[in-house]
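Residue numbering for the sequence shown is 1459 to 1658, as defined by this note's numbering.
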Amino acid sequence: MHRRLVHGFLTNASTMLCPEGEIHITHKTTTPFNSWKIEDLALDCSLLCIGRDDFKIEDYPGYQNKRGSGLRPDDPFLLGECCTFRFKQFPRIRRDFGPEHYVPSCSDECRWIFGRYLDHVEDTFGRNMSSDEVCFVVREALRVGYETYMGLFSSGHGRPLRDYIDILEELHAISALRSKRLLQMLSRLDRQADFNEWGP
């Protein structure tokens, strides 16, 4: 129940956050509270953890922690180890100058969703893969990426499809740039092999 409450708070707060604003949540980091996976809850709400700071109650004069429910809701509880998590909205793609001037960089959300796919492309570059293998890898990456984006593995709440399309456009632009770079590397290797074979 309490984990759902935090998720609901993050969901609502993320819709009210200014572009450069932050959300701070102080939470216990000992067992069983560390199993709440606050950072995963935030990811499900399009929020990125930008920092974790140790919580020291002496830094907050007048702060009183309360149980909030049960037979003694106003009684304090033992704080133990706590951290204040700081979150921001994921950066969005900006196309202020039109697509011909657009130079993409992999945002944290795109890297989170498609990082394994991008790494796989780098690892298998130059390997003799059949077109069926390539198609399978791409389809699987898109399927897993969509499920990850929509949060099917956590809360089951959907997210705006338009934002996912923006991420796919970012992935496409990154993939095109990586393909160009990898082809340039291959061309350099070919020239180097020719040079080694035929000499100067």
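Positions of the beta carbon are idealized from the N, C-alpha and C atoms, including for glycine.
Measure the Cβ-Cβ separation of D1511 and T1542 and say whether it is below 8 Å.
-> yes
For A1651, count neighbouring C-beta atoms within 10 Å of its own C-beta (all shown protein chains included) and say buried if the count is 16 or more, exposed if not.
-> In summary, A1651 is exposed, with fewer than 16 beta-carbon neighbours lying within 10 Å of its beta-carbon over all protein chains present.
CB F1535 to CB C1507, shorter than 8 Å?
-> For the pair F1535 and C1507, the CB atoms are not nearer than the 8 Å cut-off.
D1624 versus H1630 - alpha carbon distance | 10 Å
Tell me whether Y1521 is buried or exposed, calling it buried when 16 or more other Cβ atoms sit within 10 Å of its Cβ.
-> exposed
Run through DSSP, which three-state label would P1562 get?
-> With a pLDDT of 43 at P1562, under the threshold of 50, the predicted position of this residue should be treated as unreliable, and no value is reported.
State the Cα-Cα distance for the pair R1525 and Y1622, rounded to the nearest angstrom.
-> The straight-line gap from Cα to Cα measures roughly 39 Å.
Indicate the three-state DSSP secondary structure (helix, strand or coil) for D1512 in the structure shown.
-> strand
Classify L1506 as helix, strand or coil using the three-state DSSP reduction.
-> Reduced to three states, the DSSP call for L1506 is strand.
How many angstroms separate the CA atom of N1470 from the CA atom of H1460?
-> Looking at the two C-alpha atoms, the distance is approximately 15 Å.
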